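First comes the structure, then the notes that go with it.
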Amino acid sequence: MSSDNTSAVNRRISARIGAIAESATLAVDAKAKALMAAGRPVIGFGAGEPDFATPEHIVEAAVAAARDPKWHKYSPTPGLPALRQAIVDVTARDNGVTIAAEQVLVTNGGKHAVFVAF
Numbered sequence: 000m001s002s003d004n005t006s007a008v009n010r011r012i013s014a015r016i017g018a019i020a021e022s023a024t025l026a027v028d029a030k031a032k033a034l035m036a037a038g039r040p041v042i043g044f045g046a047g048e049p050d051f052a053t054p055e056h057i058v059e060a061a062v063a064a065a066r067d068p069k070w071h072k073y074s075p076t077p078g079l080p081a082l083r084q085a086i087v088d089v090t091a092r093d094n095g096v097t098i099a100a101e102q103v104l105v106t107n108g109g110k111h112a113v114f115v116a117f
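If you want it as structure tokens, here you go:
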């Protein structure tokens with residue numbers, strides 16, 4: 000993209016977008032990766048990225064879901080009912096805490112959970 004086009008695009012972006020600060024998590028993660036690339040030993044506490052390959056049965060389940068038209072639409076906002084109930088069951092079994100499925104909100108990560116909580 001030429002600088003003229005870039006300038007035109009930048010003029011159309013809200014000033015509020017330009018004021019958004021970099022994610023602290025991503026900044027810490029980038030620093031850890033830079034140190035590791037330089038050969039420094041690092042225990043990273045930044046982004047929660049796995050350091051192992053996705054297990055094959057999970058890959059196969061994802062492929063099957065991608066091929067099934069049943070999953071080609073948005074899920075309910077609070078999460079799939081069966082998943083919410085499974086969370087209720089595991090919470091009771093593992094923590095001895097009784098909750099209702101209506102109290103469970105499935106999110107796509109920790110940042111999203113904190114955002115919707117406040």
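If you count the sequence shown from 1, position 82 lands on 81 in numbering that gives the first Met the number 0, and the numbers rise without skipping. Glycine residues also receive a C-beta, built at the ideal position from the N, C-alpha and C atoms. Since we're looking at a predicted model, the values are computed, not measured.
For this session: Put residue 80 into one of helix, strand or coil per three-state DSSP.
Result: helix
Problem set entry | Nearest-angstrom Cβ-Cβ length linking residue 80 and residue 104, presumed shorter than 8 angstroms | About 13 angstroms separates the two Cβ atoms, so there is no contact after all.
Exercise. What whole-angstrom Cβ distance do residue 45 and residue 31 have, given they're in contact under 8 angstroms?
Worked result: 5 angstroms
For this session: For residue 49, name the three-state secondary structure that DSSP assigns.
Result: coil
Exercise. In three-state DSSP terms, what is residue 39?
Worked result: coil
Problem set entry | As assigned by DSSP and simplified to three states, the class of residue 109 | helix
For this session: Grab the span of the alpha helix (DSSP H) containing residue 56 for me, first residue to last.
Result: 55-66
Exercise. Assuming residue 100 contacts residue 83 under a Cβ cut-off of 8 angstroms, what Cβ separation, rounded to an integer in Å, is found between them?
Worked result: 4 angstroms
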